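Q: Start counting the sequence shown at 10; every next residue gets the next number (my numbering).
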Amino acid sequence: MTTPDWDGDRYAEIATLQHDLGRRFAAELSPPPNARVLDAGCGDGFVTRLIADRPEVAEVVGFDPSPLMIRAARDDAHPSIEFIEGDVTTFTTAQPFDLAVSLNALHWVHDSVAALSRLREAVHPGAAVVCQFVPEGERPSVEDVAFSVATAPAWADWFGGFGAPHVHRTRGEWRDIATSAGLVVDDATERDLAWDFGSAAAFRAWCALGFTAYTDRLPPERHDEFVTRVTDEYGRVTGSDQVFRFLQLRLASHRP
Ligand SMILES: C[S@@+](CC[C@H](N)C(=O)[O-])C[C@H]1O[C@@H](n2cnc3c(N)ncnc32)[C@H](O)[C@@H]1O
10 MTTPDWDGDR
20 YAEIATLQHD
30 LGRRFAAELS
40 PPPNARVLDA
50 GCGDGFVTRL
60 IADRPEVAEV
70 VGFDPSPLMI
80 RAARDDAHPS
90 IEFIEGDVTT
100 FTTAQPFDLA
110 VSLNALHWVH
120 DSVAALSRLR
130 EAVHPGAAVV
140 CQFVPEGERP
150 SVEDVAFSVA
160 TAPAWADWFG
170 GFGAPHVHRT
180 RGEWRDIATS
190 AGLVVDDATE
200 RDLAWDFGSA
210 AAFRAWCALG
220 FTAYTDRLPP
230 ERHDEFVTRV
240 TDEYGRVTGS
250 DQVFRFLQLR
260 LASHRP
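Quick look at the structure:
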């Protein structure tokens, strides 16, 4: 499976939700003094910059497999951040970090054990690995709805052999995966959140940006129709065509 590319500039324009989550995520971190921090799946670097601005942080490396995201991140240079292309399942470093973090990237990575193993290897013994992402829940997620629309007969011509780009696992599965990746889990808190986009059109625009794994398979003239079909179906799950409801699991662990 190839990693879908994300349009870094468009992402920065529409990512108000990610930025709000990013502010909370960065504020809840506890980096040690003079920390070197690793941000896995850094996207356009918004959260990476917030982390770098914390007084305890000396230096941050942000990496992402998307060349468009890394280009957008580098466009807003920061003196103590290095942005590089990289994949969390293969990432290695010769200089271990004091803290590794990842926000809303790991539910796009199929090999979760490899991802957490690489993050464990990237930090010093005793250092924390803090990842937040979407887990499996009882309510169908927008990603679940997109996949069920794509695999319905009406769209089958374009989605033959298509596998879901997202990976949602329960909190218990994530605990087990972290343990088998050699991490000690300190906390696994799940939050059920909602974000009102203010209009159905704004919610569709946000979905369109995150659904490139789907729309890349479609002729351009059918992109809007696909996204609208997903948001209509999803509206039946949530009762609203402009409110996004989603879970966030904050998996806080450390390398023993
Ligand atoms: C929703 S964005 C989150 C970006 C940023 N962390 C934020 O919170 O704004 C998800 C990011 O995960 C990245 N990603 C997908 N697969 C990845 C992988 N195998 N390794 C690292 N990052 C990955 C995507 O390229 C994308 O930039």
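Built from N, CA and C at the ideal position, the CB exists for glycine as well. Source: prediction; values computed, not measured.
Here's the rule I'm using: 16 or more other beta-carbon atoms within 10 Å means buried, otherwise exposed. How should M10 be labelled?
A: Working through the sequence shown from its first residue, we reach residue 10 at position 1. Any reading at M10 must be qualified, since the residue scores a pLDDT of 41, below 50, and its modelled position is unreliable; no value is offered.
Q: Indicate, with yes or no, if ligand 1 has a heavy atom lying under 8 Å from the CB of S150.
A: Residue numbering aside, residue 150 sits at position 141 when the sequence shown is read from its first letter. The answer is no for S150.
Q: Going by CA-CA distance only, name the one from N113, V122, A131 and A109 that's closest to I186.
A: The count along the sequence shown starts at 1 and reaches residue 186 at position 177. The residue with the shortest Cα to Cα distance from I186 is V122.
Q: Which same chain residues end up closer than 6 Å to W204 when comparing Cβ atoms and leaving out the 5 residues on each side of it in sequence?
A: Here residue 204 corresponds to residue number 195 of the sequence shown, with the count starting at 1. Here the set comprises L26 and F253.
Q: Verify the contact flag: C51, CB atom, against every heavy atom of ligand 1, threshold strictly below 8 Å.
A: Here residue 51 corresponds to residue number 42 of the sequence shown, with the count starting at 1. Yes.
Q: With 16 as the cutoff for other CB atoms within 10 Å, does Q104 come out buried or exposed?
A: By 1-based counting over the sequence shown, the position of residue 104 is 95. Label assigned to Q104: exposed.
Q: Just to confirm, is the Cβ distance from P88 to R63 under 9 Å?
A: One-based indexing of the sequence shown puts residue 88 at position 79. One-based indexing of the sequence shown puts residue 63 at position 54. No; because the gap between Cβ atoms is not below 9 Å, this pair is not in contact.
Q: Assuming V143 and F212 make a contact with CB atoms under 8 Å, what is their CB distance in whole Å?
A: Position 134 of the sequence shown, counted from the start, is the residue given in the question as residue 143. Position 203 of the sequence shown, counted from the start, is the residue given in the question as residue 212. Not quite, the Cβ-Cβ distance comes to about 17 Å (not below 8 Å), so this is no contact.
Q: Check each candidate in Y243, E242, V46 and R245 and name the one with the smallest Cα separation from R268.
A: Outside the displayed span of the chain (10 to 265) sits residue 268, for which this structure offers no information.
Q: Over what stretch of residues does the alpha helix (DSSP H) that includes W167 continue unbroken?
A: On the sequence shown, residue 167 is found 158 positions in, with the first residue counted as 1. Note, W167: premise wrong, no alpha helix (DSSP H); not H, not E.
Q: What residue does the alpha helix (DSSP H) around G135 start on, and which one ends it?
A: Translated into the one-based positions of the sequence shown, residue 135 becomes position 126. Premise fails: G135 lies in the beta strand (DSSP E), V132 to F142, not in any alpha helix (DSSP H).
Q: At the level of alpha carbons, what is the spacing between A137 and L108?
A: Here residue 137 is taken as the residue at index 128 of the sequence shown, counted from 1. Here residue 108 is taken as the residue at index 99 of the sequence shown, counted from 1. Those two C-alpha atoms are separated by around 5 Å.
Q: Can you find the residues in the same chain that come closer than 7 Å, C-beta to C-beta, to V193, ignoring five residues on each side of it along the sequence?
A: For the purposes of this step, residue 193 is taken as residue 184 along the sequence shown, with counting starting at 1. Excluding residues within five positions, the ones whose Cβ falls inside 7 Å are S262, H263 and P265.
Q: Ligand 1 and S262: does the residue's C-beta get closer than 8 Å to at least one heavy atom of that ligand?
A: Residue 262 sits at position 253 when you count from the first residue of the sequence shown. The answer is no for S262.
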